[in-house]
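Each remark here refers to the structure printed beneath this line.
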Amino acid sequence: MDNLYPEYATSALRQISLAMIVCLLACLVASQLAYAQELPRLQPGTPISIDAESSEFDYSTNRLVFRKLRMDQGELGIEADIAETDKLDFTDGLWVFTGNVQLKTATAILYCERAQLTFKNHQLADALLNGRPARFEQKADNTGKINTGEARQIFYQLASETLKLKQSAQFTDGSNRISGDQIVYDLAARRLTADSGTSGPVKILIESPDQLKEKPKSP
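Residue numbering for the sequence shown follows my numbering, starting at 1 and increasing by one per position.
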């Protein structure tokens, strides 16, 4: 019968494969949903503090340049070797950070080589991080596990508390790993979605309990 209807058999196999991927994704994030929480949001009235080893005004580019800068607002912290902006105004400002960039939120830390941050109404609106790769870490206080992800580009949107990982994206919860062209991760709900894009299918590696145990050392 399968030989008589090959196109139907192929379609059925594809549907089964898709269903398996959906089930595996659900299993991967199910344990995280129990720890979903509402993360604190920055408020427009929260003051922004800036500390830097040095600052200068580049007349050739009409930009302010800070070296070894640290910027804080509430639970948000940013560090970088160099920070540049065309105006010291957070009402509608754009900052570019380069070199050992760290962006700390309430529950996650992001690392990259270059970050472009947009401020609206005196608070961070979003951040575009680039690196080889850019990466993030998020510790689950309830379990002690650390969720990590990496990609050549990470887009962080504060309002929705989401990270969009693009280009060679990977995510792991310490035991299971997902890779794809694009991964979207919700920091508050600890929920993710993966997209194969044009780089190939979504790949999922599920470690068995036996593999996670430390192998006995040989005498």
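We put the CB at the ideal spot given by N, CA and C, even for glycine.
Taking buried to mean at least 16 other C-beta atoms within 10 Å of its own C-beta, is residue i buried or exposed?
i: Ile-56; result: Sequence check: residue 56 is Glu here, not Ile. Looking at its Cβ environment, which holds fewer than 16 other Cβ atoms inside 10 Å, Glu-56 is exposed.
i: Asn-100; result: exposed
i: Ala-80; result: buried
i: Gly-149; result: buried
i: Thr-61; result: exposed
i: Thr-143; result: exposed
i: Asp-51; result: exposed
i: Gln-211; result: Confidence at Gln-211 is low in this model, with a pLDDT of 48, below 50, so the placement of that residue is unreliable and no value is reported for it.
Quick one: Cα of residue i to Cα of residue j, how far?
i: Asp-58; j: Gly-93; result: 17 Å
i: Ser-179; j: Ser-168; result: 7 Å
i: Phe-90; j: Ile-48; result: 9 Å
i: Ser-11; j: Ser-175; result: Interpretation of Ser-11 is limited by its pLDDT of 44, a score under 50 that renders its predicted location unreliable; no figure is taken from the coordinates.
i: Gln-37; j: Val-96; result: Low local confidence applies: a pLDDT of 37 at Gln-37 is under 50, so the model's placement there is unreliable, and no value is given.
i: Leu-192; j: Ile-82; result: 32 Å
i: Ala-151; j: Thr-107; result: 19 Å
i: Asp-72; j: Glu-161; result: 18 Å
i: Asn-121; j: Phe-171; result: 32 Å
i: Ala-140; j: Phe-66; result: 34 Å
i: Phe-119; j: Arg-177; result: 33 Å
i: Asp-86; j: Thr-98; result: 15 Å
i: Leu-163; j: Thr-105; result: 12 Å
i: Gly-130; j: Asp-181; result: The sequence given here places Asn at residue 130; Gly does not occur at that position. Cα-Cα distance, rounded: 15 Å.
i: Asp-173; j: Arg-70; result: 29 Å
i: Ile-16; j: Tyr-156; result: Residue placement at Ile-16 cannot be trusted, given a pLDDT of 35 that sits under 50; the coordinates are not used to answer.
Is residue j closer than 8 Å to residue i when the C-beta atoms are compared?
i: Glu-113; j: Arg-132; result: yes
i: Leu-128; j: Gln-116; result: yes
i: Glu-84; j: Lys-68; result: no
i: Asp-126; j: Leu-158; result: yes
i: Leu-64; j: Leu-88; result: yes
i: Gly-77; j: Thr-46; result: no
i: Leu-165; j: Ile-183; result: yes
i: Ile-154; j: Leu-124; result: no
i: Ala-194; j: Val-202; result: yes
I'd like the span of the beta strand (DSSP E) that includes residue i, first residue to last.
i: Glu-84; result: 76-85
i: Tyr-59; result: Run containing Tyr-59: none; DSSP gives neither H nor E here.
i: Asn-100; result: 92-104
i: Asp-186; result: 176-186
i: Gly-131; result: 123-139
i: Asp-113; result: The identity of residue 113 in the sequence shown is Glu, whereas the question assumes Asp. Here the beta strand (DSSP E) through Glu-113 covers 108-120.
i: Ala-307; result: Residue coverage of the chain in this structure runs from 1 to 219, which leaves residue 307 outside it and unanswerable.
i: Leu-224; result: The structure shown does not extend to residue 224, since the chain is modelled only from 1 to 219, so the question has no answer here.
i: Arg-191; result: 191-195
Could you tell me whether any non-hydrogen atom of the ligand GTP is closer than 7 Å to the CB of residue i?
i: Leu-103; result: Here there are no bound small molecules, and the ligand GTP is not part of this structure.
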